[in-house]
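All remarks here apply to the structure that follows.
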Amino acid sequence: MTVAATPIAGVPREGDEIPPFARRTGFANWNRYAAVNDEFVPMHMDDEAGRAAGMPGAFGMGNLQLAYLHNLLRQWVGPDGAIVSVSCRFRAPNTKDMRVTARGRVVKVSEEDGRVLVDLDVWTEDEGGRRLAPGTARVMLADA
Amino acid sequence: MISEEMKAAVGRELRRSVSFPIAESDIRRWAIAVYYPEPPPAMFWDAEEAAATVHKGIVAPEEFNPFAWMTADGPRAGARQAGNDPGSTEKQLGITPPGLRNQLNGGVEVDYGVRMRPGDVITSVTRLASYAERSGRLGPMLMTVFEDTWTNQRDELVKRSRMTLIRY
Chain F
1 MTVAATPIAG VPREGDEIPP FARRTGFANW NRYAAVNDEF VPMHMDDEAG
51 RAAGMPGAFG MGNLQLAYLH NLLRQWVGPD GAIVSVSCRF RAPNTKDMRV
101 TARGRVVKVS EEDGRVLVDL DVWTEDEGGR RLAPGTARVM LADA
Chain B
1001 MISEEMKAAV GRELRRSVSF PIAESDIRRW AIAVYYPEPP PAMFWDAEEA
1051 AATVHKGIVA PEEFNPFAWM TADGPRAGAR QAGNDPGSTE KQLGITPPGL
1101 RNQLNGGVEV DYGVRMRPGD VITSVTRLAS YAERSGRLGP MLMTVFEDTW
1151 TNQRDELVKR SRMTLIRY
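Residue numbers (the working numbering), protein chains in the order written: chain F, 1 to 144; chain B, 1001 to 1168.
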C-alpha cells in the first residue's frame, strides 16, 4: 500500500521536487481506464496489435499518463488547490509491468490576486528514469 | 500527405457533442480507474468530505471525460469503429483521408476553467486546428492538431485543450 503524500504547506521554492506518484502498470490499470473512457483500442489490449503499430507490445493509453500527472499535482496541492493547466507529449510507450512514476519540479513561483501560482516541469518516467511523457503544468495553491 | 482539400478544411468544426448529465457514479468510477489499485481521494466519492472542501461538494477529476460511451445525441452509427479508424477525421469532414494505417496520441495541452460537478451537462466543440508533416522514428508522420472547447450548462468554460494526433 502506497501512502499518498500530504499536500504542501507553505510556499515552495524554485528547484523543489514535489512528492512523486507511482503505479505499476499493465492490463489491470489499462482495462479499467478503457472501461471508463470507452477506449478499447487493440494496441492497448493486444501485444500483436501493439507490435503491428511499431511498439514492443501492448502499451498503456497516453491519456492515462496524463491522468497520472493530474494525480501527482492533485496530491501536492490538495483538494482546495487547483490545477490551472497541464501539457505533455507522449514520447515513449508505457509497456506492461512497467512501474511508472510521475514527478514534478518547481520552475517558477508567482502571485496573482493574493494567490500563489506555481509553474512546474512535470513528467512520467520508467524505472530507469527514461521520460515517457514530459510536459509542464501550472497550479494554484490553496489559501493559507 | 496534406492534400489541397485537407489544407482547405483547417479551422472547420469537426464535432459538437453534448454530454448526458454527469452522475456521481461516473466520477467515482473514473477516479477508481485512474488511481487503481490504491483508493481514490475522498473528494471524489465521499459527499461529507467533499462538502468540507472549497468546492462544497463532489467535483470530477479535471481530466474526467463525460463523453465516453455515448453522448446525449444517442448512439452514432459506426462510431465504435470510427475511433480506431485513422481516416475518421477526414471522413467526418467529407474529404479523402491521407491513407495512413496507424495513429497515436502525440500530446495534449489543457487550460482549465470551472470544475465539472454531478448534474452538469457539458458541451464540446472540436475544431481542426492544423496539419503538419514530420519525420520520426516511425517514418513520415502526419501531425493533426484538434482544438476542443468545453462549456457547462451555464456557458462557463470548463476547459480548452489542444490534442496532437500522430498518424503514420
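Ideal Cβ placement from N, Cα and C applies to all residues, glycine included.
Do you know whose CA, among the options, lies nearest residue i's CA?
i: T1126 (chain B); options: B:R1167, B:K1007, B:N1084 and B:T1089; result: B:T1089
i: A68 (chain F); options: F:N94, F:D47 and F:A52; result: Checking the sequence, you will find Tyr at residue 68 (chain F) rather than Ala. Nearest of F:N94, F:D47 and F:A52 to Y68 (chain F), Cα basis: F:N94.
i: E127 (chain F); options: F:P12, F:R13, F:E17 and F:R24; result: F:R24
i: R105 (chain F); options: F:P12, F:L141 and F:D47; result: F:P12
i: A92 (chain F); options: F:A58, F:I8 and F:P79; result: F:A58
i: M1001 (chain B); options: B:G1011, B:R1028 and B:P1098; result: B:P1098
i: A28 (chain F); options: F:G60, F:G10 and F:V116; result: F:G60
i: Q1103 (chain B); options: B:N1152, B:G1074 and B:G1139; result: B:G1139
i: P7 (chain F); options: F:R51, F:P79 and F:N31; result: F:P79
i: V116 (chain F); options: F:K96, F:A82 and F:M98; result: F:A82
i: E1147 (chain B); options: B:G1136, B:A1051, B:V1110 and B:V1114; result: B:V1110
i: R130 (chain F); options: F:E17, F:R99 and F:I18; result: F:R99
i: P19 (chain F); options: F:V77, F:M55 and F:N31; result: F:V77
i: D1073 (chain B); options: B:T1144, B:N1084, B:V1108 and B:S1019; result: B:S1019
i: E1024 (chain B); options: B:N1105, B:A1008, B:G1136 and B:G1057; result: B:G1057
i: G1107 (chain B); options: F:D113, F:K96 and F:C88; result: F:C88
i: T124 (chain F); options: F:V84, F:L73 and F:S110; result: F:L73
i: M55 (chain F); options: F:L141, F:E112 and F:K96; result: F:K96
i: V1145 (chain B); options: B:A1009, B:Y1036, B:L1165 and B:A1031; result: B:L1165
i: N1065 (chain B); options: B:D1026, B:A1052, B:A1008 and B:N1105; result: B:D1026
Residues in the same chain with beta-carbon distance under 8 Å from residue i, minus the five sequence neighbours each way, listed in chain order, please.
i: F90 (chain F); result: G62, Q65, L132 and A133
i: N71 (chain F); result: F21 and A102
i: V1034 (chain B); result: P1040, P1061 and E1063
i: V1114 (chain B); result: N1152, E1156, L1157 and V1158
i: R1012 (chain B); result: L1093, R1127 and L1128
i: S1135 (chain B); result: M1141
Below 7 Å CB to CB, which residues in the same chain sit around residue i once its five sequence neighbours on both sides are set aside?
i: L1100 (chain B); result: P1086, L1142, R1167 and Y1168
i: M1 (chain F); result: Low confidence applies here, because M1 (chain F) scores a pLDDT of 45, under 50, leaving its location unreliable and the question unanswered by this model.
i: R1028 (chain B); result: F1044 and W1045
Go through its chain and collect everything with a Cβ distance to residue i's Cβ below 6 Å, but skip five positions before and after it.
i: S1017 (chain B); result: F1067, T1071 and S1124
i: P1021 (chain B); result: G1119 and V1121
i: L1014 (chain B); result: Q1092, T1126 and L1128
i: W1150 (chain B); result: I1122, S1124, V1158 and K1159
i: A144 (chain F); result: none
i: E17 (chain F); result: R105
i: A1132 (chain B); result: M1143
Given a cut-off of 8 Å on the beta-carbon distance, is the pair residue i and residue j in contact?
i: D38 (chain F); j: W1069 (chain B); result: yes
i: V86 (chain F); j: V118 (chain F); result: no
i: M1116 (chain B); j: V1158 (chain B); result: yes
i: R1049 (chain B); j: A1060 (chain B); result: A small correction: the amino acid at residue 1049 (chain B) is Glu; Arg does not occupy that position in the sequence shown. No. Outside cutoff.
i: E48 (chain F); j: K108 (chain F); result: no
i: I1095 (chain B); j: M1006 (chain B); result: yes
i: V41 (chain F); j: N1084 (chain B); result: yes
i: V84 (chain F); j: Y1036 (chain B); result: no
i: M43 (chain F); j: A34 (chain F); result: no
Continuous beta strand (DSSP E) assignments of at least 3 residues falling wholly in the stretch 6–33 of chain F: 17–24
Complete runs of the alpha helix (DSSP H) confined to the stretch 1028–1092 of chain B [at least 4 residues]: 1047–1051 and 1079–1082
Ranges of the beta strand (DSSP E) found wholly within the stretch 65–134 of chain F, counting only runs of at least 3: 82–89, 99–112 and 115–125
Positions along the stretch 1093–1122 of chain B whose CB lies within less than 8 Å of some CB in chain F: N1102, L1104, N1105, G1106, G1107, V1108, E1109, V1110, D1111 and Y1112
Near-chain F residues of the stretch 1050–1080 of chain B - C-beta to any C-beta below 7 Å: T1053, V1054, P1061, E1062, E1063, N1065, A1068 and W1069
Contained beta strand (DSSP E) runs [length at least 3] in the stretch 1090–1149 of chain B, N- to C-terminal order: 1103–1112 and 1123–1136
Members of the stretch 1142–1158 of chain B that neighbour chain F once the beta carbon cut-off is set at 9 Å: none
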